[in-house]
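J.:
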């Protein structure tokens, strides 16, 4: 009697644990969920549950090590170039933790406004690729309209990296409340007239005419409206699932040879 009952209870427990980990992955909060499980619950006795926790823990710690190493290389380069900088967000917490656990490698680095171009150039030399392709005039407009430039790269282990070089502080909600962008958006309906990064890269202008990018946005909207064509939206940079996390996710989901996609 105890055998089948124990097996059923173990399967139910593993399913509950797996569901919790899947929800945490989808919410981007896997390290927090693992901390809570370790702090509030007893050590799982079922081999399946222990395997899930160990796989998830190994994944976030491996990603954390890669993130700290990536920031260290970038920070050393910025320091050598005389660029004052500081980490923000999750990477800042990971740097001060005894054991770094992260679900993704997202590095936010704050620099002075005058050092923005130098920081982006140095990151490019280290293998980071700007998400938006901007010529000189577009860059001048972008600097005034946006607070940060996203760049992407990969670690030697294949983990994607999202780097943001920030030259203006963000609000609590992540919005930019300074510069030309904020002044335009404060006018409510004029916020729609603010050029997107895609707009800035669509036309090449001389650097002295960078303000022309702001004037071109209404023309693009009028053209799309006249042609009854939806204005393309910019989804922005994104991070694919790190390769080291995929096996753990498959274990959590219980994918087997009989499952077909």
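In my numbering, the protein residues as written are 2 to 262. All C-beta atoms, glycine included, are put in the ideal place defined by N, C-alpha and C.
1) Work out the CA separation of residue 72 and residue 40 for me, nearest whole Å.
2) Taking Cβ to Cβ, would you say residue 123 is nearer than 7 Å to residue 82?
3) Residue 251 to residue 31, Cα distance in whole Å?
4) Helix, strand or coil for residue 89, going by three-state DSSP, please let me know.
5) Looking at residue 270: is its Cβ nearer than 7 Å to the Cβ of residue 112?
6) How long is the line joining the alpha carbons of residue 100 and residue 126, rounded to whole angstroms?
7) Rounded to whole angstroms, what is the Cα-Cα separation between residue 132 and residue 84?
8) Quick one: grab the DSSP three-state call for residue 50.
9) Taking the alpha-carbon positions, what's the residue 175 to residue 19 distance?
10) Would you call the stretch 136-155 in contact with the stretch 86-98, where contact means no fewer than 3 C-beta pairs closer than 8 Å?
11) As a quick exercise: from 25, 169, 24 and 142, pick the residue whose alpha carbon is nearest that of residue 217.
12) Quick one: what does DSSP say residue 55 is sitting in, helix, strand or coil?
13) Is it buried or exposed, residue 173, if we count other Cβ atoms within 10 angstroms and call 16 or more buried?
14) CB residue 35 to CB residue 65, shorter than 7 Å?
15) Closest to residue 33 by CA distance: which of 204, 211 and 91 is it?
16) Would you say residue 215 and residue 196 are within 7 Å of each other, going by their C-beta atoms?
17) For residue 199, name the three-state secondary structure that DSSP assigns.
18) State the beta-bridge partners of residue 155 as determined by DSSP.
19) Which residues bound the alpha helix (DSSP H) around residue 24?
20) Can you tell me which of the three DSSP states residue 167 falls into?
21) Select from 78, 17, 69 and 130 the residue whose C-alpha is nearest the C-alpha of residue 238.
22) Beta carbon of residue 128, beta carbon of residue 154: below 7 Å?
23) Could you tell me the distance, in whole angstroms, from the CA atom of residue 80 to the CA atom of residue 247?
24) Pick helix, strand or coil for residue 111, following the three-state DSSP scheme.
25) Kindly give me the distance between the Cβ atoms of residue 169 and residue 109, rounded to whole angstroms, as I take these residues to be in contact under 8 Å.
26) So, with DSSP's three-state summary, where would you put residue 131?
27) Can you give the Cα-Cα distance for residue 17 and residue 93, rounded to whole angstroms?
T.: The short version:
1) On the chain shown, residue 40 is found 39 positions in, with the first residue counted as 1. On the chain shown, residue 72 is found 71 positions in, with the first residue counted as 1. So the alpha carbons of these two residues sit roughly 29 Å apart.
2) In the chain shown, counting from the first residue as 1, residue 123 sits at position 122. In the chain shown, counting from the first residue as 1, residue 82 sits at position 81. For residue 123 and residue 82, yes; Cβs fall inside 7 Å.
3) For this step, residue 251 is matched to residue 250 along the chain shown. For this step, residue 31 is matched to residue 30 along the chain shown. In a straight line, the C-alpha of residue 251 is about 15 Å away from that of residue 31.
4) Sequence index remark: in the chain shown, residue 89 carries index 88 (1-based). Residue 89: strand per DSSP, three-state reduction.
5) Past the boundaries of the shown model lies residue 270; the chain is included only from 2 to 262, so the question cannot be answered.
6) Along the chain shown, read from residue 1 onward, the residue named residue 100 stands at position 99. Along the chain shown, read from residue 1 onward, the residue named residue 126 stands at position 125. Whole-angstrom Cα-Cα distance: 29 Å.
7) Within the chain shown, numbered from 1, the residue matching residue 132 stands at position 131. Within the chain shown, numbered from 1, the residue matching residue 84 stands at position 83. Cα to Cα, residue 132 sits roughly 22 Å from residue 84.
8) Residue mapping note: residue 50 aligns to position 49 of the chain shown, counting from 1. Of the three classes helix, strand and coil, the one that applies to residue 50 here is helix, per DSSP.
9) Taking the first residue of the chain shown as position 1, residue 175 is located at position 174. Taking the first residue of the chain shown as position 1, residue 19 is located at position 18. Unreliable positioning characterises residue 175 in this predicted model, as indicated by a pLDDT of 44, which lies under 50. The coordinate reading is nonetheless provided below. Distance between the alpha carbons of residue 175 and residue 19 is about 31 Å.
10) no
11) Counted from its first residue, the chain shown places residue 217 at position 216. Of the candidates 25, 169, 24 and 142, the one whose C-alpha sits nearest the C-alpha of residue 217 is 142.
12) Taking the first residue of the chain shown as position 1, residue 55 is located at position 54. Three-state result, residue 55: helix.
13) Along the chain shown, one-based indexing puts residue 173 at 172. Any answer about residue 173 is weak, because its pLDDT of 41 lies below 50 and its placement is not dependable; what the coordinates show is given next. Burial call: exposed.
14) For this step, residue 35 is matched to residue 34 along the chain shown. For this step, residue 65 is matched to residue 64 along the chain shown. It is not a contact, given that the beta carbons lie outside the stated cut-off.
15) Within the chain shown, the letter at position 32 stands for residue 33. For residue 33, the nearest C-alpha among the options comes from 91.
16) To locate residue 215, count along the chain shown from 1; it is residue 214. To locate residue 196, count along the chain shown from 1; it is residue 195. Their beta carbons are under 7 Å apart, which means residue 215 touches residue 196 by this criterion.
17) Numbered from its first residue, the chain shown carries residue 199 at position 198. Correct three-state label for residue 199: helix.
18) As a working mapping, residue 155 is identified with position 154 in the chain shown. According to DSSP, which records beta bridges pairwise, residue 155 is partnered with 161.
19) Translated into positions along the chain shown, residue 24 becomes position 23. Looking at the DSSP string, the run of the alpha helix (DSSP H) that includes residue 24 is 3-28.
20) Against the chain shown, residue 167 aligns to sequence position 166. Residue state, collapsed to three classes: strand.
21) As a first step, residue 238 is located in the chain shown; it is residue number 237 there, counting from the start. Cα-wise, what sits closest to residue 238 is 130.
22) To locate residue 128, count along the chain shown from 1; it is residue 127. To locate residue 154, count along the chain shown from 1; it is residue 153. Cβ distance < 7 Å, so residue 128 and residue 154 count as in contact.
23) Indexing the chain shown from 1 puts residue 80 at position 79. Indexing the chain shown from 1 puts residue 247 at position 246. Computed Cα separation, rounded: 35 Å.
24) If you number the chain shown from 1, residue 111 lands on position 110. Here residue 111 sits in strand by DSSP.
25) The residue labelled residue 169 in the question sits at position 168 within the chain shown. The residue labelled residue 109 in the question sits at position 108 within the chain shown. The Cβ separation is near 12 Å, so there is no contact.
26) The residue given as residue 131 occupies position 130 in the chain shown. Residue 131 falls in the strand class under three-state DSSP.
27) One-based indexing of the chain shown puts residue 17 at position 16. One-based indexing of the chain shown puts residue 93 at position 92. Distance between the alpha carbons of residue 17 and residue 93: 32 Å.
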